[in-house]
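Student: Numbering-wise, the sequence shown is residues 1 to 85 according to the UniProt record's numbering. Right, I'll just put the structure down here and ask away after.
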Amino acid sequence: MTQRIIDRSYVGEVLQHIYSSDLNIKVTLFSEGGYYYIVNKEEKRFPLQGATLEEAVTYLGYKIAADYPSSNFSFWWKQNFSCNL
1 MTQRIIDRSY VGEVLQHIYS SDLNIKVTLF SEGGYYYIVN KEEKRFPLQG
51 ATLEEAVTYL GYKIAADYPS SNFSFWWKQN FSCNL
């Protein structure tokens, strides 16, 4: 992943955009043994990279934008956090 880590002040904004996006996903973040997000369709856990909340949420946003490239969230992510998807 070649993505700059978001600042702590953007964590809430990223999570809000995921929540209000057009995607049918469920997000659960916790820090026991790592951070995870869960996709509704398969109910599988995917570990997120990073040792901090900022790193985990950056990876979460990057991963969602990459996995759902035509979504509103992906468009917003690319506009606000330049990345190579």
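Ideal Cβ placement from N, Cα and C applies to all residues, glycine included. Remember, predicted model here, so these are calculated numbers, not experimental data.
Just curious, the alpha helix (DSSP H) that residue 80 is in, first and last residue?
Tutor: 72-80 is the extent of the alpha helix (DSSP H) around residue 80.
Student: Using C-beta distances below 7 Å, list every residue in its chain close to residue 55, excluding the 5 sequence neighbours before and after it, in chain order.
Tutor: These residues qualify, in order along the chain: 5 and 49.
Student: Under a three-way DSSP split, which group does residue 29 fall into?
Tutor: If DSSP states are grouped into helix, strand and coil, residue 29 belongs with coil.
Student: Just checking my contact of residue 52 with residue 3 at CB under 8 Å: how many whole Å lie between their CB atoms?
Tutor: Incorrect: roughly 14 Å between the Cβ atoms, too far for contact.
Student: Using the Cα positions of residue 70 and residue 11, report the straight-line distance between them to the nearest angstrom.
Tutor: If I take the Cα positions, the gap works out to 22 Å.
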